[in-house]
Amino acid sequence: MKYASQQLALPYFAVAMLLFLLQVVFGILAATVYVMPDFMAAIEPFHIMRMSHTNLLIVWLLIGFMGCTYYLLPEEAETETHSPLLAWLGLGIFAVAGAGALLSYQFGIHEGREFLEQPLWCKVLITVSFLMFLYNCSRTLLAGRKTAINTVLMMGLWLAAIFWLFAFYNPDNLSVDKLYWWWIVHVWVEGVWELIMGSLLAYLLIKMTGVDREIIEKWLYVIIGLALFSGLLGTGHHYYWIGAPGYWQPLGSIFSTLEVAPFLAMVMFAFYMFWKGRRNHPNSAAMLWTLGSATVAFFGAGVWGFLHTLSFVNYYSHGTQVTAAHGHLAFYGAYVMMVLAIITYAMPQLRKVQPFNQLLNMWSFWIMTSAMCFMTFTLTFAGVVQTHLQRVLGMNYMEVQSQLTIFYAMRLGAGTVVAIAVLLYLVAIFGPARQRLPQGNAAVAA
Amino acid sequence: MSEMLSRNRARNIFFGGSTFFFLLFAALTAHSHWYMVNVSTDREGLTEAVARGKHVWEKHSCINCHSLIGEGAYFAPELGNVWTRYGGRENPDSARAALKGWIKAQPLNVPGRRKMPAFDLSEQELDDLVEFFRWTDAIDTQDWPPHPVG
Ligand code: HEM
Ligand code: HEM
Ligand SMILES: [Fe+2]
Numbered sequence: 001m002k003y004a005s006q007q008l009a010l011p012y013f014a015v016a017m018l019l020f021l022l023q024v025v026f027g028i029l030a031a032t033v034y035v036m037p038d039f040m041a042a043i044e045p046f047h048i049m050r051m052s053h054t055n056l057l058i059v060w061l062l063i064g065f066m067g068c069t070y071y072l073l074p075e076e077a078e079t080e081t082h083s084p085l086l087a088w089l090g091l092g093i094f095a096v097a098g099a100g101a102l103l104s105y106q107f108g109i110h111e112g113r114e115f116l117e118q119p120l121w122c123k124v125l126i127t128v129s130f131l132m133f134l135y136n137c138s139r140t141l142l143a144g145r146k147t148a149i150n151t152v153l154m155m156g157l158w159l160a161a162i163f164w165l166f167a168f169y170n171p172d173n174l175s176v177d178k179l180y181w182w183w184i185v186h187v188w189v190e191g192v193w194e195l196i197m198g199s200l201l202a203y204l205l206i207k208m209t210g211v212d213r214e215i216i217e218k219w220l221y222v223i224i225g226l227a228l229f230s231g232l233l234g235t236g237h238h239y240y241w242i243g244a245p246g247y248w249q250p251l252g253s254i255f256s257t258l259e260v261a262p263f264l265a266m267v268m269f270a271f272y273m274f275w276k277g278r279r280n281h282p283n284s285a286a287m288l289w290t291l292g293s294a295t296v297a298f299f300g301a302g303v304w305g306f307l308h309t310l311s312f313v314n315y316y317s318h319g320t321q322v323t324a325a326h327g328h329l330a331f332y333g334a335y336v337m338m339v340l341a342i343i344t345y346a347m348p349q350l351r352k353v354q355p356f357n358q359l360l361n362m363w364s365f366w367i368m369t370s371a372m373c374f375m376t377f378t379l380t381f382a383g384v385v386q387t388h389l390q391r392v393l394g395m396n397y398m399e400v401q402s403q404l405t406i407f408y409a410m411r412l413g414a415g416t417v418v419a420i421a422v423l424l425y426l427v428a429i430f431g432p433a434r435q436r437l438p439q440g441n442a443a444v445a446a
Numbered sequence: 001m002s003e004m005l006s007r008n009r010a011r012n013i014f015f016g017g018s019t020f021f022f023l024l025f026a027a028l029t030a031h032s033h034w035y036m037v038n039v040s041t042d043r044e045g046l047t048e049a050v051a052r053g054k055h056v057w058e059k060h061s062c063i064n065c066h067s068l069i070g071e072g073a074y075f076a077p078e079l080g081n082v083w084t085r086y087g088g089r090e091n092p093d094s095a096r097a098a099l100k101g102w103i104k105a106q107p108l109n110v111p112g113r114r115k116m117p118a119f120d121l122s123e124q125e126l127d128d129l130v131e132f133f134r135w136t137d138a139i140d141t142q143d144w145p146p147h148p149v150g
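Protein chains in written order, with my numbering: chain A, 1 to 446; chain B, 1 to 150.
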């Protein structure tokens with residue numbers, strides 16, 4: 001670690017990981033209600049658990065992205081972060097807004113659109129804090145070296161902020177409401193966040209494989225080009241049935257199918273650079289998370305996305321457990337794993353030790369990833385059965401649900417294993433650094 | 001990747017292409033907005049009551065259990081076409097009474113069955129909510145869902 005201000009990433013990572021743990025806890029609560037409907041019925045209804053679960057996910061990923069940015073930006077720009085004070089202040093405001101939203105939910109205070117439940121004052125604080133962050137990092141970037149990696153990263157973050165502004169627009173016409181709601185939800189995860197993912201991936205590959213920057217940065221532009229060329233019109237896969245014109249059915253089907261391309265490119269990119277690189281980086285856990293993220297993102301977003309994206313398939317599967325299966329694996333592979341990869345990579349430098357607790361970290365990788373895959377499979381089976389019984393045969397919703405109990409029980413089991421793996425990861429990252437490196441490798445770190 | 005494509009070339013293609021696709025997407029969205037307001041939804045029927053009903057729906061975050069035209073949570077039944085399911089298209093008065101009755105009867109005391117909370121809504125709020133369901137049911141959804149069960 002060359003720049004003192006990179007240390008600012010550490011508090012961001014700590015807050016993000018705490019919220020990650022809470023997110024998983026709320027997921028387990030919600031999954032328990034599916035299995036035992038009377039569970040906590042008098043204390044907290046399902047909808048509060050669910051909004052806590054999904055909001056924590058988004059909030060911690062954003063805090064994670066900010067931490068990643070504070071970590072890599074000084075190094076890429078070859079200059080210290082513009083204002084450490086602003087970074088601390090920004091984190092404080094964001095944490096207050098996030099915690100404030102979470103706490104209000106427990107008392108039934110919330111807004112009412114999915115993922116955008118934060119009370120208005122929280123939305124405003126989130127915006128303010130994010131703008132402070134963008135200002136701070138843009139100043140850093142302007143003062144320093146501009147690489148493809150930090151330029152694309154900042155572009156992704158700025159665009160995420162701009163599209164977020166649609167959260168403040170809530171028209172009375174439900175169809176129009178949905179039309180622009182997707183401008184946040186879809187354009188984030190299948191558009192501008194891919195810029196963030198791509199640049200984080202490129203950064204990790206440059207650092208850990210030692211492959212020439214020129215080549216990696218060219219790939220980066222190709223990947224984000226594929227992402228936006230397909231992902232913007234790909235929004236059409238959400239416009240099939242909400243009152244939009246019929247042309248979205250062919251348009252959305254074609255362009256959202258092309259959305260597989262950037263994820264395929266990312267997994268090829270990652271493995272190609274891994275094999276091409278001669279450097280055997282001592283932080284193998286970080287390399288594992290990096291390759292894993294590209295791979296699981298390809299399956300979760302690419303394969304599971306394609307599964308239900310064609311309009312004549314989506315006509316039957318829309319809004320079933322198939323969607324929940326895809327949502328979990330896609331978010332996990334593309335964004336959760338990528339942030340965990342950067343944290344795993346950065347932690348030894350931030351704690352000023354050689355790569356540590358590698359074995360434990362890799363165990364948490366395999367356990368968490370297998371359990372998330374298992375959860376995805378069981379939800380996919382549930383979704384296929386649901387689609388057939390309800391959408392094809394026309395069986396009543398509640399009757400169909402009673403056929404799915406076994407799948408929901410397995411989802412709960414998988415969720416419990418995920419929680420254990422998260423704990424292992426936290427111990428590996430924040431716990432005492434036990435593991436010594438074999439002699440001779442030590443010089444290569446960083 | 002071949003030598004033909006340099007980094008700067010790749011960057012320029014990215015900026016040019018993204019701008020093009022963004023403008024196209026924005027134009028089609030603008031057209032869809034117009035289409036929704038004028039063609040696929042009931043413009044005159046979008047009354048104060050419907051708008052208030054939408055806010056009742058949002059105030060209690062019904063979307064985090066139910067789906068509405070297929071979006072939302074998957075814990076409870078689809079409600080985009082609940083008006084049709086309750087026979088509102090043939091017999092609006094009895095559908096309205098039945099829907100209000102269902103909401104007021106919560107929580108049903110059936111152990112082992114998923115619970116819908118009691119929301120303590122006023123008569124006015126219940127009427128507005130039903131208006132919102134009636135309006136939503138009339139959206140031209142390209143024939144979705146495939147079956148009235150939702
Ligand atoms: C990392 C990238 C992605 C993430 C995080 C993601 C996440 C999600 C989530 C959370 C939903 C549910 C939204 C809701 O609440 O209604 C969803 C829906 C959907 N996604 Fe993705 N997705 C990604 C990429 C993709 C890709 C590449 C495709 C297509 C190839 C795709 C196809 C779909 C479709 C068709 C739906 C609608 C499902 C329905 O009709 O119910 N997704 N996605
Ligand atoms: C312990 C592990 C987990 C359990 C038990 C769990 C459980 C659940 C449950 C019960 C729901 C509500 C589904 C419904 O409405 O019917 C849900 C929604 C969701 N969860 Fe999780 N979850 C877990 C981990 C995660 C992780 C790690 C992520 C992110 C990668 C995630 C992302 C989401 C998303 C995006 C939704 C909304 C899905 C949609 O709208 O389609 N969950 N989860
Ligand atoms: Fe999408």
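Think of the CB as a built atom: it goes at the ideal place given N, C-alpha and C, for glycine as much as any other residue.
Predicted, not measured: the structure shown is a model, and the values here were computed from it.
field: Which residues DSSP lists as bridging leucine 68 of chain B, in chain order
entry: Note: leucine 68 of chain B sits in a beta bridge opposite B:Glu71.
- prompt: With burial defined as no fewer than 16 other Cβ atoms inside 10 Å of the residue's Cβ, what is the status of asparagine 150 of chain A: buried or exposed?
  reply: Buried, since its Cβ has 16 or more Cβ neighbours within 10 Å.
message: Taking only three categories from DSSP, how would you classify glutamate 399 of chain A?
response: For glutamate 399 of chain A, the three-state secondary structure derived from DSSP is helix.
- prompt: Hey, alanine 95 of chain B and glycine 87 of chain B are a contact pair by Cβ (cut 8 Å); roughly how many whole angstroms apart?
  reply: Right, their Cβ atoms sit about 5 Å apart.
task: Determine the direct distance from the alpha carbon of valine 260 of chain A to that of tryptophan 289 of chain A, and round the result to whole angstroms.
output: Whole-angstrom Cα-Cα distance: 21 Å.
message: My assumption, with CB atoms under 8 Å, is that proline 145 of chain B sits in contact with glutamate 78 of chain B. Please give the rounded CB distance.
response: Going by Cβ atoms, the distance from proline 145 of chain B to glutamate 78 of chain B rounds to 7 Å, so yes, they are a contact pair.
query: In the structure shown, what three-state DSSP assignment does histidine 147 of chain B receive?
result: It is coil, neither helix nor strand.
field: Any chain A beta carbon closer than 8 Å to glutamine 142 of chain B
entry: Answer yes: the Cβ-Cβ gap between glutamine 142 of chain B and chain A drops below 8 Å somewhere.
query: Taking the alpha carbon of phenylalanine 133 of chain A as the point to measure from, which residue in A:Arg145, A:Glu117, A:Leu153, A:Gln118 has its own alpha carbon closest?
result: Of the listed residues, the one whose Cα sits closest to phenylalanine 133 of chain A is A:Leu153.
message: By the three-class DSSP mapping on this structure, what secondary structure does glutamine 451 of chain A have?
response: Coverage of chain A is limited to positions 1 through 446, which leaves residue 451 of chain A absent and any answer about it impossible.
- prompt: If you measure from each residue's Cβ to the nearest non-hydrogen atom of ligand 3, which ones come out under 5 Å, in chain order?
  reply: The filter returns A:His186, A:Glu190, in chain order.
message: Measuring CB atoms only, is the region 186-199 of chain A touching the region 227-247 of chain A, in the sense that at least three cross pairs come out at less than 8 Å?
response: With a cut-off of 8 Å, the region 227-247 of chain A and the region 186-199 of chain A count as touching, because enough Cβ pairs lie within range.
Burial state of glutamine 124 of chain B (16 or more Cβ within 10 Å): Glutamine 124 of chain B counts as exposed, since fewer than 16 other beta carbons sit within 10 angstroms of its beta carbon.
task: Please confirm whether glycine 292 of chain A and threonine 376 of chain A have their CB atoms less than 8 Å apart.
output: No, these two residues do not count as a Cβ contact at 8 Å.
message: Among the candidates A:Pro432, A:Lys178, A:Ala346, A:Ala325, whose CA atom is the shortest distance from the CA of valine 37 of chain B?
response: Of A:Pro432, A:Lys178, A:Ala346, A:Ala325, the smallest CA-CA separation from valine 37 of chain B is found for A:Lys178.
field: heavy atom of ligand 2 below 7 Å from isoleucine 28 of chain A C-beta
entry: Yes, the Cβ of isoleucine 28 of chain A comes within 7 Å of a heavy atom of ligand 2.
- prompt: Along the chain, which unbroken stretches of the alpha helix (DSSP H) at least 4 residues long are found entirely within the region 353-431 of chain A?
  reply: Counting whole runs of 4 or more residues, the region 353-431 of chain A contains the alpha helix (DSSP H) stretches 358-386, 397-402, 405-430.
task: Pick helix, strand or coil for glycine 451 of chain A, following the three-state DSSP scheme.
output: Chain A is shown only over 1 to 446; residue 451 of chain A falls outside these bounds and no answer can be derived.
- request: Please look up how many angstroms separate the CB atoms of threonine 323 of chain A and threonine 387 of chain A, rounded, as I've assumed it's under 8 Å.
  value: Distance from threonine 323 of chain A to threonine 387 of chain A at the Cβ level is roughly 10 Å; contact not present, criterion being Cβ atoms closer than 8 Å.
message: Could you tell me the alpha carbon to alpha carbon distance between alanine 442 of chain A and asparagine 283 of chain A, rounded to whole angstroms?
response: Unreliable placement is indicated for alanine 442 of chain A, whose pLDDT of 45 sits below 50; the coordinate value is still reported in the next sentence. Taking the straight line from one Cα to the other gives about 10 Å.
task: Output yes or no for whether 8 Å exceeds the beta carbon distance between tyrosine 332 of chain A and methionine 287 of chain A.
output: No, the Cβ-Cβ distance between tyrosine 332 of chain A and methionine 287 of chain A is not below 8 Å.
- request: For alanine 95 of chain A, collect the residues of the same chain with a Cβ closer than 7 Å to its Cβ; drop the 5 residues on either side in sequence, then sort them by chain order.
  value: Cβ within range, chain order: Val15.
The alpha helix (DSSP H) enclosing glutamate 58 of chain B, as first and last residue numbers: Counted as a single uninterrupted DSSP element, the alpha helix (DSSP H) harbouring glutamate 58 of chain B occupies residues 48-59.
- request: Go ahead and pull the three-state DSSP assignment for glycine 87 of chain B.
  value: The answer is coil: DSSP assigns glycine 87 of chain B none of H, G, I, E or B.
- prompt: Can at least three beta-carbon pairs, one atom from the region 56-74 of chain A and one from the region 133-144 of chain B, be found at a separation below 8 Å?
  reply: No, they do not touch.
- request: Name, please, each residue of chain B whose Cβ falls closer than 9 Å to the Cβ of threonine 235 of chain A.
  value: Here the neighbours are Phe25, Thr29.
- request: Answer yes or no: the CB of alanine 31 of chain A versus the heavy atoms of ligand 5, is any distance below 7 Å?
  value: No copy of ligand 5 occurs in the structure displayed; its ligands are ligand 1, ligand 2 and ligand 3 alone.
message: Taking the straight line between their C-alpha atoms, what separation do you get for alanine 330 of chain A and threonine 257 of chain A?
response: So the alpha carbons of these two residues sit roughly 15 Å apart.
field: Near ligand 1: asparagine 314 of chain A beta-carbon under 7 Å from a heavy atom
entry: Between ligand 1 and the CB of asparagine 314 of chain A, the shortest heavy atom gap is smaller than 7 Å.
message: For aspartate 120 of chain B and alanine 41 of chain A, I'd like the C-alpha separation in whole angstroms.
response: If I take the Cα positions, the gap works out to 16 Å.
- prompt: What residues of chain A sit near glycine 72 of chain B, judged by a beta carbon separation below 8 Å?
  reply: What glycine 72 of chain B touches in chain A: Glu114, Gly319.
message: Along the region 49-72 of chain B, where does the CB come closer than 8 Å to a CB of chain A? Name the residues.
response: Those would be Val50, Ala51, Lys54, His55, Trp57, Glu58, Lys59, His60, Ser61, Cys62, Ile63, Asn64, Cys65, Ser67, Leu68, Ile69, Gly70, Glu71, Gly72, in chain order.
- prompt: Fully enclosed by the region 180-268 of chain A, which alpha helix (DSSP H) runs are 4 residues long or longer?
  reply: Unbroken alpha helix (DSSP H) runs of no fewer than 4 residues, entirely contained in the region 180-268 of chain A, are found at 193-209, 213-234, 248-258, following chain order.
- prompt: Does phenylalanine 75 of chain B get closer than 8 Å to chain A when you measure Cβ to Cβ?
  reply: Among the CB atoms of chain A, one or more fall inside 8 Å of the CB of phenylalanine 75 of chain B.
- prompt: CB alanine 421 of chain A to CB isoleucine 343 of chain A, shorter than 8 Å?
  reply: Taking 8 Å as the cut-off, the Cβ atoms of alanine 421 of chain A and isoleucine 343 of chain A do not count as close.
query: Straight-line CA distance for leucine 360 of chain A to asparagine 12 of chain B?
result: Each residue's Cα considered, the two are about 44 Å apart.
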